[in-house]
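K.L.:
Handing you a structure now.
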Amino acid sequence: MIASVIVDVAARQTDRMFDYLVPNELADTIVPGVRVHVPFANRNVQGFVMKLHNEPQIAIEKLKPISDQLDLTPPVTEELLLLSEAIKEETLSYHISVLKAMLPAAMRASYDKELYLEEEDPELTGLFVDGVIASWNEFTKQAPENDIQLITRHIRKGTIRVSPIVTTKDARKKQLQVTYVQEPDLTQFSQAKKQLLLSEYLLTCEIGTSFTLKGLAEEANVTTAVINQLVDKGVLKKDYATVGRDPYAGRTFKSSVPMALTEEQQESIRPIEEAFQTNKHETFLLHGVTGSGKTEIYLQSIEQVLDKGKEAIVLVPEISLTPQMVTRFKSRFGSRVAVLHSALSKGEKYDEWRKIREGKVDVVVGARSAVFAPFTNLGIIIIDEEHEMSYKQEEAPRYHARDVAIKRASYYNCPVILGSATPSLESFARAKKGVYTLLSMQERVNQTAMPPVHVIDMREELQNGNRSMFSTSVLEAMQDRLAKKEQMVLLLNRRGYSTFIMCRDCGYVAECPHCDISLTYHRNDQSLQCHYCGHRETIPTVCPSCQSDSIRFFGTGTQKVEQELAKELPDARVIRMDVDTTRRKGSHEKLLQSFEKGEADILLGTQMIAKGLDFPNITLVGVLAADSMLHLPDFRSAERSFQLLTQVAGRAGRHDKQGEVFVQTYTPDHYSVQDVKTHNFLSFYEKEMKMRQLAGYPPYYFLAVVHVSHADLNKAVEVTTNIASYLRRSLSDSAKIYGPSASPIPRIKDRYRYQCMIKYKIEPNLHHVLQELIESYQKEIMKTDLQLHVDTNPYMML
DNA sequence: AGCACGCCGACT
DNA sequence: GTCGGCGTGCTC
1 MIASVIVDVA ARQTDRMFDY LVPNELADTI VPGVRVHVPF ANRNVQGFVM
51 KLHNEPQIAI EKLKPISDQL DLTPPVTEEL LLLSEAIKEE TLSYHISVLK
101 AMLPAAMRAS YDKELYLEEE DPELTGLFVD GVIASWNEFT KQAPENDIQL
151 ITRHIRKGTI RVSPIVTTKD ARKKQLQVTY VQEPDLTQFS QAKKQLLLSE
201 YLLTCEIGTS FTLKGLAEEA NVTTAVINQL VDKGVLKKDY ATVGRDPYAG
251 RTFKSSVPMA LTEEQQESIR PIEEAFQTNK HETFLLHGVT GSGKTEIYLQ
301 SIEQVLDKGK EAIVLVPEIS LTPQMVTRFK SRFGSRVAVL HSALSKGEKY
351 DEWRKIREGK VDVVVGARSA VFAPFTNLGI IIIDEEHEMS YKQEEAPRYH
401 ARDVAIKRAS YYNCPVILGS ATPSLESFAR AKKGVYTLLS MQERVNQTAM
451 PPVHVIDMRE ELQNGNRSMF STSVLEAMQD RLAKKEQMVL LLNRRGYSTF
501 IMCRDCGYVA ECPHCDISLT YHRNDQSLQC HYCGHRETIP TVCPSCQSDS
551 IRFFGTGTQK VEQELAKELP DARVIRMDVD TTRRKGSHEK LLQSFEKGEA
601 DILLGTQMIA KGLDFPNITL VGVLAADSML HLPDFRSAER SFQLLTQVAG
651 RAGRHDKQGE VFVQTYTPDH YSVQDVKTHN FLSFYEKEMK MRQLAGYPPY
701 YFLAVVHVSH ADLNKAVEVT TNIASYLRRS LSDSAKIYGP SASPIPRIKD
751 RYRYQCMIKY KIEPNLHHVL QELIESYQKE IMKTDLQLHV DTNPYMML
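Oh and the first sequence: position 8 is 8 in the UniProt record's numbering, straight run, nothing missing.
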């Protein structure tokens, strides 16, 4: 038998299947989807068995045997194998990258080398322990450069032998067992009653039967000592069998019951139920205003799915995978829920993943990668906040969880729910076209009105002499809530203290020497840091350009607001939530709990506070700088701005107390601000669609971007120019090719970045053209330090 | 991606 | 002559 294997070597030239012989001892257990170790070139690598067959692609004598099988149950199911192929094609990724993205990190192989001293050499004394360096990876981390060079010389000479090691978490456990190999001669046991007893039992079994030690001892009613005696006599043989690991220990949870649905909710859930009950694949766009009870729809749809013995995947943006959210699912479905998110350690993620694969749970709540949960009988996939960018993976494989979800659901003939208060333009346009089914919920469950939104023109404030970051009305409102002991949320989409430093005399701005981006001031260590390459330097006291001392900080971050708050409202208790205060595990949870308990009046934070918070006592939401994300060089900036403002506005007055929202902006007339004021998604949608149509962006056109980077500016431009003309030649006339153009950040880590954008409507050949493009630059990528990558559905234009 | 093979210059 | 530079090409 021959196995076709995708090996763990991410390169264009190895991105295909390699055939291996399946050794006899694996013939019974090997199946497509299992991980294996295989000899590849002169080392061992991990690989995935894709298929088993009997037609080798090359002469059978040249085939090497698989050296080890790592799983009994394939971690990649048949469906996922198929899916991996489709994703590879669509995202132009290496097959191995897709397969690895489907599994928890703990299951990936790690590669190392062992060094053996073959000949004593005085130069090398002290470096080897008993003639061995057990881990080359560890060694190179600590050893001085000289020693490493010395050793590489000796490897060439042959005084040191290198042995490559591959280690992988083995999902099997080796267990001692005994196998019945030879019929016993009963006559020899006249003096050994127990051995006779065991022998008689064995005679009722077939030769070749295996037992666990404990199992046989129990069945034959003897002790293990007796078994060992028969092992000595050659009747039984000891060996090691591979068995699955022990089942996972269960837990208990306190439960919640389904809530009664409003009429609107019932109308929304009915078509979903129908699709599910009739095994119909259908994608629903559940457009429900904040507080309209989307989560309850999810919960009750899942309940139906579970009742039928099927499984459910719930995707949530990483940022809102809050304990609050998880609790809602856990308290409804208890130990049937697995949770996959980045706060878990590698091992914890692996444990959760195993619960899924072993069928111990039937609901998964998780971030993007949970879309690959290895269920085999899916009944529904739900994507909450479907407009969130975090569903698009920005590194290879560049997949979008929404596309993957729809593909999986179509395989299982089951529904997908895309839920959002502010759907992406793409999804809403598809719903209007009838590709998705639109379900709309425009009322809040508890009948509270949407909070009034006040737009505050900060230009006026400035004219009236208010130079602070709080407008007079916001300050007054905050004082009012403070007096009433109500809570507030303040959003500022920028962490840190201030964003950049500038010389007032000559306009000099501190920039990173390696990237074309201004440096950010970090207050805690009084440094200037580059966001992209980590470069840091000390703050200049005088302007490096004109020697004046008028160096000032500009821009505002959460840290600075916190300080200002202390000045303006000295009695207010403030909790600041941003990447810096939530970096530690569990701190996110702790801060929110403390706010919920009323230990603070103001929750100040970046976008992470905009999603999913549901606290009854919040009656004021303030957005301090609404235009901070409006002017980014990205065609989605208006959409994102509207989404963020709507989301955060939805935090106010969700319960019996009326809430109020203040939006401070320098562009009060922009439609993304105005339509937040009127809570009018449709109006925003219409206007933004017109803009997209005019500019030729999604959803009217599809996009693909080719990114090029090189240390040499001329080279980068030259290559991108060639690519652009190649694309113009190869694609249809209706495709628009833009470029070469510099990326929005033209240089990162001393590499110049250029890009070429493709806008198209129908281009059936696109993937082939791009594939060939990549291949034709293969040589150049290998010998120069050219880097080239393609994104067939870009989200971040930066 | 590694790594061996192989062909050129600068040293004992 | 040999050591060691890195360009080229292969991995079942």
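We put the beta carbon where it would ideally sit given N, CA and C, even for glycine.
Please return the same chain residues whose Cβ sits closer than 6 Å to the Cβ of Glu589, not counting the five positions on each side in sequence.
P.N.:
So the qualifying residues of the chain are Pro323.
K.L.:
State the Cα-Cα distance for the pair Lys690 and Gln266, rounded to the nearest angstrom.
P.N.:
Using only the alpha carbons, I get a separation of about 34 Å.
K.L.:
Considering only the beta carbon of each residue, do Phe615 and Gln487 sit closer than 8 Å?
P.N.:
Result yes, Cβ atoms of Phe615 and Gln487 sit closer than 8 Å.
K.L.:
With Lys432 as the anchor, note down where its alpha helix (DSSP H) starts and where it stops.
P.N.:
Where Lys432 is concerned, the enclosing alpha helix (DSSP H) stretches over 425-433.
K.L.:
DSSP on Phe211, reduced to helix/strand/coil?
P.N.:
Phe211: strand per DSSP, three-state reduction.
K.L.:
Does DSSP classify Ile381 as helix, strand or coil?
P.N.:
Note: Ile381 maps to strand in three-state DSSP.
K.L.:
Helix, strand or coil for Pro39 per DSSP?
P.N.:
If DSSP states are grouped into helix, strand and coil, Pro39 belongs with the strands.
K.L.:
Under 7 Å Cβ to Cβ from Gln182, same chain only, skipping five residues before and after it: list those, please.
P.N.:
Within the same chain, Gln182 has close Cβ partners Gly234, Val235.
K.L.:
Output the boundary residues of the alpha helix (DSSP H) element that contains Thr224.
P.N.:
From DSSP, the alpha helix (DSSP H) with Thr224 extends over 224-232.
K.L.:
Beta strand (DSSP E) containing Pro740: first to last residue?
P.N.:
Its beta strand (DSSP E) spans residues 736-748.
K.L.:
May I ask you to list the residues that DSSP assigns as paired with Cys756?
P.N.:
DSSP, once it has assigned bridges, lists Val706 as partnering Cys756.
K.L.:
List the DSSP bridge partners of Cys503.
P.N.:
For Cys503, which the question treats as bridged, DSSP gives the partners Ile551.
K.L.:
What's the C-alpha gap between Ala572 and Leu286?
P.N.:
So the alpha carbons of these two residues sit roughly 39 Å apart.
K.L.:
Which residues bound the beta strand (DSSP E) around Gln771?
P.N.:
Gln771 -> not in any beta strand (DSSP E); alpha helix (DSSP H) instead, spanning 766-776.
K.L.:
Of the residues Val416, Ala217, Ala260, Gln195, which one's Cα is nearest the Cα of Asp232?
P.N.:
Nearest C-alpha to Asp232: Gln195.
K.L.:
Where does Pro164 sit, in a helix, a strand or coil, going by DSSP?
P.N.:
Correct three-state label for Pro164: strand.
K.L.:
Please state whether DSSP places Ala10 in a helix, a strand or coil.
P.N.:
Ala10 falls in the coil class under three-state DSSP.
K.L.:
Report all residues from its chain with a CB closer than 6 Å to the CB of His789; omit the five preceding and five following residues, and keep chain order.
P.N.:
Same-chain partners within the cutoff: His707.
K.L.:
In three-state DSSP terms, what is Asn44?
P.N.:
Three-state result, Asn44: strand.
K.L.:
I'd like the list of long-range same chain contacts for Ile575, defined as Cβ closer than 6 Å, with 5 residues on each side in sequence excluded.
P.N.:
So the list reads Leu591, Phe595, Ala600, Leu603, once near-sequence residues are dropped.
K.L.:
To the nearest angstrom, report how far apart Glu273 and Thr295 are at their CA atoms.
P.N.:
Going by the C-alpha atoms only, they are around 15 Å apart.
K.L.:
What runs of the beta strand (DSSP E), each 3 residues or longer, lie entirely inside the stretch 580-651?
P.N.:
Segments of the beta strand (DSSP E) lying fully in the stretch 580-651: 602-605, 618-623.
K.L.:
Rank Cys515, Pro544, Gly555, His514 by C-alpha distance to the C-alpha of His522 and give the top, closest one.
P.N.:
Looking at the Cα atoms, Gly555 is the closest of the given residues.
K.L.:
What three-state label does DSSP hand Glu123 in the structure shown?
P.N.:
Note: Glu123 maps to helix in three-state DSSP.
K.L.:
Decide if residue 803 is buried, meaning its Cβ has at least 16 other Cβ atoms within 10 Å, or exposed.
P.N.:
This structure cannot speak to residue 803, because the chain is shown only from 1 to 798.
K.L.:
Going by DSSP, what residue range makes up the beta strand (DSSP E) through Gly347?
P.N.:
Looking at the DSSP string, Gly347 is not in any beta strand (DSSP E); the run it does join, the alpha helix (DSSP H), is 346-357.
K.L.:
Compute the distance between the beta-carbons of Leu340 and Ala312, then report whether it is under 8 Å.
P.N.:
No, they are not a contact pair.
K.L.:
Quick one, are the C-beta atoms of His400 and Lys407 less than 8 Å apart?
P.N.:
No, Cβ-Cβ distance for His400 and Lys407 is not below 8 Å.
K.L.:
For Asp8, which residues of its own chain have a beta-carbon under 7 Å away from its beta-carbon, when the five flanking residues on both sides are left out?
P.N.:
Cβ neighbours of Asp8 beyond the five flanking positions: Val45, Gln46, Gly47, Ile96, Ala109.
K.L.:
With H, G and I counted as helix, E and B as strand and the rest as coil, what does DSSP make of Arg251?
P.N.:
With a pLDDT of only 37 at Arg251, under the threshold of 50, the placement of this residue in the model should not be trusted; the figure read from the coordinates follows. DSSP places Arg251 in coil when its eight states are reduced to three.
K.L.:
Would you decide whether Ile380 is buried or exposed? Buried here means 16 or more other CB atoms lie within 10 Å of its CB.
P.N.:
Counting Cβ neighbours within 10 Å, Ile380 comes out buried, since at least 16 surround it.
K.L.:
Give every residue of the same chain whose Cβ lies closer than 8 Å to the Cβ of Glu78, excluding the five residues on either side of it in the sequence, and list them in chain order.
P.N.:
Excluding sequence neighbours, Glu78 sits near Pro32, Gly33.
K.L.:
Going straight from the alpha carbon of Arg636 to that of His387, what length do you get?
P.N.:
Looking at the two C-alpha atoms, the distance is approximately 11 Å.
K.L.:
Might you give, ordered along the chain, the residues of its own chain that have their beta carbon closer than 7 Å to the beta carbon of Met17, omitting 5 neighbours on each side?
P.N.:
Counting only Cβ-Cβ distances below 7 Å, and skipping sequence neighbours, we find Ser4, Val5, Ile6, Met50.
K.L.:
By the DSSP assignment, the alpha helix (DSSP H) with Glu296 in it spans what residues?
P.N.:
Per DSSP, Glu296 belongs to the alpha helix (DSSP H) from 294-307.
K.L.:
Could you tell me which of Met757, Ala429, Glu89 sits nearest to Tyr738, measuring between CA atoms?
P.N.:
When each option's Cα is compared against that of Tyr738, the closest is Met757.
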